[in-house]
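**Student:** Have a look at this one before I ask anything.
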Amino acid sequence: MSVVPVELLPHLRRARDVADRNYAEPLDLTALAAAAGVSKYHFLRCFAAAYGETPMQYVTRRRIERATDLLRATNLTVTEVCAMVGYSSLGSFSQRFTELVGMTPTRYQRTQTGARIPGCFVFMLGLNSAIPEKPAGESGA
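Residue numbers for the sequence shown, in UniProt numbering: 1 to 141.
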């Protein structure tokens, strides 16, 4: 495992913040590396060394985390959630969701109980402001 230079850490955090804010947008290695101000190959190596996963694994995980929040808290369909978190393919979304969560998005949504925010409010208020993310200490499925 390589050691990441300390002076590069703020740049890696900046790129991670870009991924956190823009997870629903098309993101690629080039764009994230540009946010860090380094070449994409150096960025890939350093990000993986610092965070234990590649930048695209990080983006995928953030998208699926957000999808679980939406499926838990809203009455949106799986297809709507898929599009809202940045996937253009329902098949790819369902496959990744199942790999990371351990069940299909539909099954996950059926296991969630409690009041749900109507989807029309989510669309009116915007994705990021309408649904709070789970508190950091709360465990997922």
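Just so it is clear, CB atoms sit at the ideal spot from N, CA and C, and this is done for glycine as well.
Roughly how many whole angstroms lie between the Cα atoms of SER39 and PRO10?
**Tutor:** Taking the straight line from one Cα to the other gives about 15 Å.
**Student:** From this set, TYR108, MET84 and PRO105, which residue's C-alpha is nearest GLY119's C-alpha?
**Tutor:** Nearest C-alpha to GLY119: MET84.
**Student:** I need the boundaries of the alpha helix (DSSP H) containing VAL81, first residue and last residue.
**Tutor:** Segment 78–84, the alpha helix (DSSP H) holding VAL81.
**Student:** Tell me which same chain residues have a C-beta within less than 8 Å of the C-beta of ASP20, skipping the five on either side of it?
**Tutor:** The answer, listed in chain order, is ARG62.
**Student:** Have a look at LEU70 and PRO105 and give me their C-alpha separation to the nearest angstrom.
**Tutor:** Straight-line Cα distance between these residues: approximately 11 Å.
**Student:** Quick one: residues in its chain with C-beta nearer than 6 Å to the C-beta of ALA33, no 5 flanking neighbours on either side, listed in chain order?
**Tutor:** Once the five neighbours on either side are set aside, the close Cβ partners of ALA33 are LYS40 and PHE43.
**Student:** Do you know offhand how far GLY91's Cα is from CYS46's?
**Tutor:** The straight-line gap from Cα to Cα measures roughly 31 Å.
**Student:** Helix, strand or coil, according to DSSP, for THR74 in the structure here?
**Tutor:** Note: THR74 maps to strand in three-state DSSP.
**Student:** Leaving aside the five residues before and after GLY37 along the sequence, list all residues of the same chain whose C-beta is less than 6 Å from its C-beta, in chain order.
**Tutor:** Within the same chain, GLY37 has close Cβ partners HIS11.
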